[in-house]
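Sequential numbering of the sequence shown, starting at 44, is according to my numbering. For every residue, glycine included, the Cβ atom is placed at its ideal position computed from N, Cα and C. Some notes on the structure that comes next.
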Amino acid sequence: MLGPADRERSPLTKLFVGGLDWSTTQETLRSYFSQYGEVVDCVIMKDKTTNQSRGFGFVKFKDPNCVGTVLASRPHTLDGRNIDPKPCTPRGMQPERTRPKEGWQKGSRSDNNKSNKIFVGGIPHNCGETELREYFKKFGVVTEVVMIYDAEKQRPRGKG
Numbered sequence: 044m045l046g047p048a049d050r051e052r053s054p055l056t057k058l059f060v061g062g063l064d065w066s067t068t069q070e071t072l073r074s075y076f077s078q079y080g081e082v083v084d085c086v087i088m089k090d091k092t093t094n095q096s097r098g099f100g101f102v103k104f105k106d107p108n109c110v111g112t113v114l115a116s117r118p119h120t121l122d123g124r125n126i127d128p129k130p131c132t133p134r135g136m137q138p139e140r141t142r143p144k145e146g147w148q149k150g151s152r153s154d155n156n157k158s159n160k161i162f163v164g165g166i167p168h169n170c171g172e173t174e175l176r177e178y179f180k181k182f183g184v185v186t187e188v189v190m191i192y193d194a195e196k197q198r199p200r201g202k203g
């Protein structure tokens, strides 16, 4: 069994997989990535309260070469959605982020100057700005909707 120091020196064998459909199961995720090599662990992250998929998960391979094969085989589609596998760097190998004493800040926002913007991920590719505006107006006045587009494919990336 590998100790913490050994794990930090070991080759990367884990992928973060984003853009999963809500209906994707651990079994279908494992089955899809098994075509690239032996999958030793697979998990879809779920909301603790609702037990609904959060739209991302992790896949771990036995052989580190499988990660490179997956990345070289883009694009990937699972359950009708384009998924986005990325190498997953173990926490011990990530650069340390420093946090100011006051907490994370962007600009000079104070409690009196709170933003009314939200980030929305996991948006279906067939959903446009009009549909988002209609959905969110039940929560209040929507002043702006910004969809993030994939420049190469000329379609929404599923976030905005």
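- Between Gly61 and Ile126, the alpha-carbon positions lie close to 6 Å from each other.
- Secondary structure at Cys85: strand, using DSSP grouped into helix, strand and coil.
- In this structure, Gly80 sits away from Thr132, with a CB-CB distance that is not shorter than 9 Å.
- Judged by DSSP secondary structure, Phe101 falls within the beta strand (DSSP E) whose first and last residues are Ser96 to Phe104.
- Annotation: the continuous beta strand (DSSP E) that includes Thr120 extends over His119 to Leu121.
- At a Cβ-Cβ threshold of 9 Å, Thr56 and Lys103 count as neighbours.
- In the structure shown, Gly111 adopts helical secondary structure according to DSSP, grouped into three states.
- Secondary structure at Lys160: coil, using DSSP grouped into helix, strand and coil.
- With a beta-carbon spacing of about 6 Å, Ser66 and Asp122 fall inside the 8 Å limit used to define contacts.
- For Leu58, DSSP records a beta bridge to Val102 and Pro130.
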